[in-house]
Every structure is written in structure tokens, then in C-alpha cells.
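Data first, discussion second: the structure below is written as C-alpha cells.
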């Protein structure tokens with residue numbers, strides 16, 4: 370004869386599991402920080418010129434920043450692209466400055 374758990378004990382166990390899951394989701398799941406896109410749209414460079422664009426994405430809770438760089442010609446053809454995962458910096462402006470430095474090193 371096996372003992373049966375009372376409904377209250379089952380509810381406590383279910384609630385404990387739910388709270389642990391909520392804690393885990395909040396503290397350990399990767400969350401994107403949403404940044405509103407700029408109001409200015411991309412426009413191609415003048416003929417025989419190139420345009421380099423770069424940006425950063427910060428993953429909350431990961432201590433990492435993704436940087437992206439793309440180089441296009443006047444016909445919007447991608448000539449080069451680069452993405453890199455780097456250590457998180459304290460300011461978004463610093464992350465963007467580092468991303469802006471990368472095309473110069475890449476070239």
C-alpha cells in the first residue's frame with residue numbers, strides 16, 4: 370500500500386516548480402534589448418564609391434555584444450560583410466565606436 374500525496378502537497382510542488390521556471394526564465398534566458406530602428410532609410414553611395422554601415426546588438430544577460438559591418442557599392446551589391454561577437458562594454462556608444470573601428474581594420 371503506497372501513501373498518496375494530499376492535493377495541497379501536489380499544489381505546493383506544482384507552484385514550486387512554476388516559481389523555479391519563472392526564476393530561470395527571468396535570469397538565464399537570453400533576451401534581446403529592442404532598439405527602435407532609425408527614421409533615416411539607407412541610400413546608396415555615389416557612383417564609384419562605397420558605403421560602409423555598422424551596428425551593434427546587445428544580448429541581455431550574456432555579457433556579449435554582436436557587431437555587424439556591411440560594405441556596399443552604388444548598385445547596393447554587398448562587397449564585404451562581417452559579424453563579430455565581442456565582450457560586453459558599459460555603454461552602447463562605446464560598442465558602436467568599436468563597431469565603427471572594425472571596418473577600418475577589416476579594410
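Residue numbers (this note's numbering): 370 to 476. Glycine included, C-beta positions come from ideal geometry on N, C-alpha and C.
The DSSP-derived three-state label of residue 434 is strand. Using a 10 angstroms sphere on the CB of residue 438, the tally of other CB atoms reaches 16 or more, which defines it as buried.
Straight through space, the alpha carbons of residue 422 and residue 409 are spaced by roughly 13 Å.
The region 440-468 is shown to contain whole beta strand (DSSP E) runs of 3 or more residues at 447-456, in chain order.
In the DSSP assignment, residue 425 falls within the beta strand (DSSP E) that extends over 419-429. Excluding five sequence positions before and after residue 461, none of the CB atoms of its chain fall closer than 6 Å to its own CB. Contact annotation: residue 414 and residue 445 have beta-carbon atoms that are not nearer than 7 Å. The Cβ atoms of residue 443 and residue 449 lie no closer than 7 Å to each other.
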